[in-house]
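Numbering (the UniProt record's numbering), first residue to last: 1 to 530.
Glycine residues also receive a C-beta, built at the ideal position from the N, C-alpha and C atoms.
Everything on this sheet refers to the single structure shown next.
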Ligand SMILES: NC(=O)c1ccc[n+]([C@@H]2O[C@H](COP(=O)([O-])OP(=O)(O)OC[C@H]3O[C@@H](n4cnc5c(N)ncnc54)[C@H](O)[C@@H]3O)[C@@H](O)[C@H]2O)c1
Ligand SMILES: O=C(O)[C@H](O)COP(=O)(O)O
């Protein structure tokens with residue numbers, strides 16, 4: 001079998017490929033070369049990127065086999081998560097890999113803009129010895145405003161505490177208690193801008209934060225303000241910043257990130273009171289190694305069909321070993337469930353009974369939905385978009401758990417109502433040391449059938465001779481019956497037969513058998529395992 005293709009679209013640490021191991025066909029492409037990227041994506045099962053590769057809706061649409069987009073870093077503004085989710089593609093990042101590096105770069109920018117280090121360095125290298133021109137200011141006892149007190153903002157605040165600065169922060173999602181713990185005073189954005197000698201920005205770029213610092217804020221700032229942005233370009237309005245620096249409304253700025261990267265032709269490049277780095281926040285050996293190894297692990301998990309703790313568009317988390325074997329069983333029960341009907345669903349109850357419910361079993365709901373909707377949708381259905389399929393079809397879904405299971409140690413059931421009011425159910429369990437996957441109930445009939453690739457389910461009026469009829473028909477067509485179970489609720493009532501057969505049964509034969517035994521239900525269900 002061909003190895004899954006893992007596409008590396010940007011420069012990543014060599015540790016990434018090492019951590020991926022030998023099980024993948026690892027290919028490289030320049031993610032900024034759009035035609036090459038789109039062509040390479042057509043065969044990719046996974047893509048590894050940094051911030052320069054745009055994985056937008058067009059790229060997702062070009063990637064028919066894609067299962068995971070892995071961002072070796074934090075920011076996901078170059079990934080269309082909505083399009084990925086709709087296509088069933090998992091998106092993962094490495095949320096803590098580069099936070100220390102980014103925080104340290106911000107501190108570096110704060111110090112070097114206070115002391116003119118880049119300009120003094122360039123001046124000395126050009127043969128000059130100018131000392132008074134590069135007189136700076138201290139951070140000590142200055143007021144420093146931190147915009148965004150998340151992972152990086154917190155690290156910056158902790159480090160700045162050592163400089164004896166007074167720290168303010170603006171972050172509407174942080175509690176005053178948390179801020180107090182960090183020795184930071186929470187204030188409004190206006191107050192932060194008005195009072196700060198330095199500002200450092202650590203928030204994501206969102207519609208709300210784009211242009212958060214603009215003309216209005218610069219008008220309120222102290223003339224000695226020095227502002228640092230190591231988060232995302234565009235959070236400081238670049239035109240407003242240019243005007244504020246050009247007119248000396250503020251004293252200086254340091255940018256690591258830009259609206260356009262690289263910022264070729266930007267007037268900001270010409271200013272004397274700005275210092276710039278080419279998006280270097282995460283560019284350290286340590287951050288790159290951590291990011292690469294982290295996403296390589298996530299890609300391995302994702303391509304093995306596992307949930308991934310760092311996935312941003314699917315419930316992640318660690319799956320307990322007791323729950324794990326239930327995932328493929330539940331997925332197959334989902335396929336059996338939807339194979340029993342062609343009518344639209346109104347609601348689905350995913351029921352989990354037994355000692356398994358001591359653990360988080362949410363993943364079993366996702367597995368059931370994946371199994372159910374993979375039979376109904378033409379596009380890929382994964383743990384990522386399975387809930388979306390239910391939502392789009394207006395199907396109400398519940399997870400019901402019960403620590404008591406009467407007959408089996410653990411029992412998994414999918415029960416549903418069709419829009420015409422009909423009820424449908426299928427239950428399964430795992431038996432023995434080999435954890436054999438078995439169907440133990442269909443629509444209230446008790447059976448015990450190991451799940452096989454091809455199943456035939458028939459419901460008909462109980463009467464003598466029926467088994468001989470369908471047995472002969474399948475035999476004449478060289479369809480080998482591997483297993484069989486018959487169940488009925490009462491003598492002479494309706495009976496249900498479940499057969500496992502060794503090959504797919506042609507529709508015409510199924511129709512013929514249906515007529516021969518006058519079946520109320522005759523379905524072949526082919527279980528697909530991906
Ligand atoms: N320059 C680089 O190379 C580099 C490296 C790593 C991260 N980053 C960027 O740094 C930023 C911060 O990363 P993080 O890991 O700390 O993120 P985070 O999610 O841990 O923290 C972001 C904080 O911003 C706050 N926030 C959100 N919206 C806000 C708003 N409108 N006003 C004020 N605060 C708001 C949140 O409450 C949160 O506390 C991200 O944009 C990330 O992409 C840049
Ligand atoms: O969001 C991030 O992780 C940083 O901006 C780093 O981006 P990079 O991986 O392109 O350096």
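Asked	Found
Where residue 260 sits in the DSSP three-state scheme	coil
Cα-Cα separation between residue 304 and residue 143, rounded to whole angstroms	50 Å
Distance cut-off 7 Å: residue 13 Cβ against heavy atoms of ligand 3	You won't find ligand 3 in this model; what it holds is ligand 1 and ligand 2.
Residue 1 burial status per 10 Å Cβ neighbour count (16 or more: buried)	exposed
Any non-hydrogen atom of ligand 1 closer than 7 Å to residue 257 Cβ	yes
Distance cut-off 7 Å: residue 51 Cβ against heavy atoms of ligand 2	yes
Sub-8 Å separation of residue 7 and residue 34 beta-carbons	no
Within 8 Å, strictly: CB atoms of residue 418 and residue 368	no
Beta-carbon proximity of residue 94 to residue 310, cut-off 8 Å	yes
Validate contact between the stretch 417 to 437 and the stretch 343 to 361 using beta carbons, cut 8 Å, 3 pairs	yes
Continuous alpha helix (DSSP H) assignments of at least 4 residues falling wholly in the stretch 325 to 352	326 to 339
Endpoints, alpha helix (DSSP H) assigned at residue 362	362 to 374
Residues of its chain near residue 477, where Cβ-Cβ distance is below 6 Å and the 5 sequence neighbours each way are ignored	509
Identified DSSP bridge partners for residue 402	353
CB of residue 546 within 8 Å of CB of residue 330, strictly	The requested residue 546 is not part of the displayed model; the chain covers only 1 to 530.
Residue 260 versus 232, 281, 342, residue with shortest Cα-Cα distance	232
Close beta carbons around residue 230, own chain, < 7 Å, minus the five adjacent residues each side	102, 105, 106, 109, 256, 257, 281
6 Å Cβ shell around residue 186 - same chain, five flanking residues per side excluded	169, 176, 179
Exposed unless 16 or more other CB atoms sit within 10 angstroms - verdict on residue 441	buried
Where residue 101 falls: helix, strand or coil (DSSP)	helix
Any non-hydrogen atom of ligand 1 within 7 Å of residue 511 CB	no
heavy atom of ligand 2 below 7 Å from residue 57 C-beta	no
Three CB pairs or more closer than 8 Å across the stretch 35 to 44 and the stretch 64 to 77	yes
Chain-order list of residues whose beta-carbon lies under 6 Å from that of residue 157 (same chain, five-residue window excluded)	146, 167, 182, 184
Buried/exposed call for residue 480, threshold 16 Cβ in 10 Å	exposed
8 Å contact criterion, which residue 531 and residue 190 should meet: CB distance rounded	Shown here, the chain extends from 1 to 530; a query on residue 531 therefore has no answer.
Residue span of the beta strand (DSSP E) that contains residue 427, given as start and end	423 to 431
For residue 491 and residue 408, the rounded distance between their alpha carbons	26 Å
Where residue 132 falls, given that 16 or more other Cβ within 10 Å makes a residue buried	exposed
Nearest-angstrom Cβ-Cβ length linking residue 92 and residue 384, presumed shorter than 8 Å	Not really, about 11 Å apart at Cβ, beyond 8 Å.
Residue 389 to residue 370 span [Cα, whole Å]	9 Å
Three-pair Cβ contact test at 8 Å for the stretch 461 to 474 versus the stretch 420 to 439	no
Spatially closest choice to residue 274 from 436, 115, 387, 57, by CA coordinates	115
Contact the stretch 452 to 462 vs the stretch 498 to 514: 3+ CB pairs below 8 Å	yes
For residue 268, three-class secondary structure by DSSP	helix
Host alpha helix (DSSP H) of residue 508 (start-end)	507 to 517
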